[in-house]
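**Student:** Please see the structure below; I have some questions.
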Amino acid sequence: MISAVEEGEIDMVSKSKIQVVAVSDYEELSREAARRIIAVVRQHPASVLGLATGSTPEGTYRELVRDHEEHGTSYHQVTTFNLDEYVGLAANDPHSYHTYMDQHLFRHLDIPQGNTHLPDGSAEKPEAECRRYEEMIRQAGGIDLQLLGIGVNGHIGFNEPGTPFSSETQVVQLDESTRQANQIHFEDPQQVPTHAITMGMATILKSRGILLLASGAKKAPVLQRLLTETEITPDLPASILRSHEDVTLIADQEALSLVEADLG
Ligand code: PGA
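Now the structure itself:
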């Protein structure tokens, strides 16, 4: 896959390879996503998982925790890398993605804390932190399965429209649409950070498998673009996923409401 992210080598209008799994609602989406992650971990107990934050994966994490408690799936040998973290927030900040991951997932599993990784948003030298993070992923042997959400503007991770497909882990400025969407997690809209460290587009695309989740009517317009437009363009960052060999989109009825007829 690495070669596909070298600009110029992508077939810019290739037929989408994205496998679409249509589910009825958010609950089913969460169960289906968790089922697939659990299958990977059970088959390969030392898997490297790429994880995401935001509203969408909360139910998936709840299901992983439930399964761990009820069926004992172990994460003892699993390594995780999260997509992103806000710049300026310390790990213990209540709004940091470190805190989100700890609350929703890590503290409930048997995963050693040292196996879990997020970019350090409070690093004094964010650019150096980006290089360190990229190198850690490489040293872990790359990501087996990356969980992804999609922004209303088509971003993946925090790679906003216009981000080159060749980008590695980097500091980015957040779009106003992203800051607005994320306001619900902050008491004061002004508190939403303006910058983040995110895995780059190339970093994400090197993942051997990708599980993209989309739920709710808010995501219907962007899924319509992703699934019905043919051009692969940085204007719609997620469009590059059409060129990846192993992408599964799990989407609920509302998110697919503008495309379902086309999918048959
Ligand atoms: P959401 O975010 O899950 O909160 O909708 C998705 C994203 O911005 O990638």
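So for the sequence shown, the working numbering puts the first residue at 3; every next one is plus one. Note that the Cβ used here is the ideal one computed from N, Cα and C, for glycine as well.
Can you check whether the CB of L66 is closer than 8 Å to the CB of D254?
**Tutor:** Taking the first residue of the sequence shown as 1, we reach residue 254 at position 252. Taking the first residue of the sequence shown as 1, we reach residue 66 at position 64. Not closer than 8 Å, so no.
**Student:** Could you tell me whether the stretch 184-192 touches the stretch 156-174, using the rule of 3 or more Cβ pairs below 8 Å?
**Tutor:** Verdict: no, contact absent.
**Student:** To which residues of the same chain is L120 closer than 7 Å at the C-beta, ignoring the five residues directly before and after it?
**Tutor:** Your numbering for residue 120 matches position 118 in the sequence shown. Hits under 7 Å: N84, E87, Y99, H100, M103.
**Student:** Return the chain-ordered ranges of every beta strand (DSSP E) run that is complete within the stretch 145-233 and spans a minimum of 3 residues.
**Tutor:** You should have 147-150, 172-175, 197-200, 211-216.
**Student:** Decide if T232 is buried, meaning its Cβ has at least 16 other Cβ atoms within 10 Å, or exposed.
**Tutor:** Within the sequence shown, residue 232 is the residue found at index 230, counting from 1. Looking at its Cβ environment, which holds fewer than 16 other Cβ atoms inside 10 Å, T232 is exposed.
**Student:** Please report the straight-line C-alpha distance between N184 and V173, rounded to a whole angstrom.
**Tutor:** The count along the sequence shown starts at 1 and reaches residue 184 at position 182. The count along the sequence shown starts at 1 and reaches residue 173 at position 171. If I take the Cα positions, the gap works out to 18 Å.
**Student:** Quick test of your reading: A36 and D69, contact by CB under 8 Å. State the CB separation rounded to the nearest angstrom.
**Tutor:** Stepping through the sequence shown from its first residue, residue 36 is reached at position 34. Stepping through the sequence shown from its first residue, residue 69 is reached at position 67. Confirmed, about 6 Å.
**Student:** Using three-state DSSP, classify N84 as helix, strand or coil.
**Tutor:** As a first step, residue 84 must be located in the sequence shown, where it is residue number 82. Three-state DSSP puts N84 in a strand.
**Student:** Terminal residues of the continuous beta strand (DSSP E) containing T250?
**Tutor:** Within the sequence shown, numbered from 1, the residue matching residue 250 stands at position 248. Where T250 is concerned, the enclosing beta strand (DSSP E) stretches over 249-254.
**Student:** Apart from the five residues just before and just after D146, which ones in its own chain have a Cβ nearer than 6 Å to its Cβ?
**Tutor:** Here residue 146 is taken as the residue at index 144 of the sequence shown, counted from 1. Closer than 6 Å at Cβ, skipping near neighbours: S49, V50, R210.
**Student:** Tell me which residues share the same chain as G151 and place their Cβ nearer than 7 Å to its Cβ, disregarding the 5 neighbours each side in the sequence.
**Tutor:** Taking the first residue of the sequence shown as 1, we reach residue 151 at position 149. Taken in chain order, the residues that qualify are A54, G56, T58, P59, L215.
**Student:** Give me the residue from G159, G90, E256, Q45 with the minimum Cα distance to H197.
**Tutor:** Position 195 of the sequence shown, counted from the first residue, corresponds to residue 197. Closest option to H197, Cα to Cα, is G90.
**Student:** Taking 7 Å as the line, does the beta carbon of T250 fall inside it for any heavy atom of ligand 1?
**Tutor:** Against the sequence shown, residue 250 aligns to sequence position 248. No, the Cβ of T250 stays beyond 7 Å of every heavy atom of ligand 1.
**Student:** Alpha carbon to alpha carbon, how far is A130 from T235?
**Tutor:** Locating residue 130 in the sequence shown gives position 128, where the first residue counts as 1. Locating residue 235 in the sequence shown gives position 233, where the first residue counts as 1. If you take the alpha carbons of A130 and T235, they lie about 28 Å apart.
**Student:** Within 8 Å, do at least three Cβ pairs link the stretch 110-128 to the stretch 217-229?
**Tutor:** With the cut-off at 8 Å, the stretch 217-229 and the stretch 110-128 do not touch.
**Student:** Confirm the yes/no value for this check: CB of S57, any heavy atom of ligand 1, distance under 7 Å.
**Tutor:** Position 55 of the sequence shown, counted from the start, is the residue given in the question as residue 57. Checking every heavy atom of ligand 1 against the Cβ of S57, one is found closer than 7 Å.
**Student:** Roughly how many whole angstroms lie between the Cα atoms of N94 and G116?
**Tutor:** Along the sequence shown, read from residue 1 onward, the residue named residue 94 stands at position 92. Along the sequence shown, read from residue 1 onward, the residue named residue 116 stands at position 114. Near 16 Å, if we compare the C-alpha coordinates of G116 and N94.
**Student:** Give the DSSP bridge partners of V23, in chain order.
**Tutor:** In the sequence shown, the residue the question calls residue 23 occupies position 21. I252.
**Student:** Look at the alpha carbon of I39 and the alpha carbon of K127, and state the distance between them as a whole number of angstroms.
**Tutor:** Here residue 39 corresponds to residue number 37 of the sequence shown, with the count starting at 1. Here residue 127 corresponds to residue number 125 of the sequence shown, with the count starting at 1. Near 34 Å, if we compare the C-alpha coordinates of K127 and I39.
**Student:** How about P128: is its C-beta nearer than 8 Å to some C-beta of chain C?
**Tutor:** The chain labelled as chain C is not found in the depicted structure, where only one protein chain is given.
**Student:** What is the DSSP secondary structure of V50, reduced to helix, strand or coil?
**Tutor:** Translated into positions along the sequence shown, residue 50 becomes position 48. If DSSP states are grouped into helix, strand and coil, V50 belongs with the strands.
**Student:** Return yes when at least one heavy atom of ligand 1 lies under 7 Å from the C-beta of A130, else no.
**Tutor:** Here residue 130 is taken as the residue at index 128 of the sequence shown, counted from 1. No, ligand 1 has no heavy atom inside 7 Å of this Cβ.
**Student:** Which of the three DSSP states is assigned to T62 in this structure?
**Tutor:** As a working note, residue 62 is residue 60 in the sequence shown. In the structure shown, T62 sits in a helix (DSSP, three-state: H, G or I).
**Student:** Give the straight-line distance between the Cα atoms of H78 and A142, rounded to the nearest whole angstrom.
**Tutor:** Here residue 78 corresponds to residue number 76 of the sequence shown, with the count starting at 1. Here residue 142 corresponds to residue number 140 of the sequence shown, with the count starting at 1. Whole-angstrom Cα-Cα distance: 15 Å.
**Student:** Along the chain, where does the alpha helix (DSSP H) that runs through A35 open and close?
**Tutor:** Position 33 of the sequence shown, counting from 1, holds the residue named residue 35. Element bounds for A35: 28-45.
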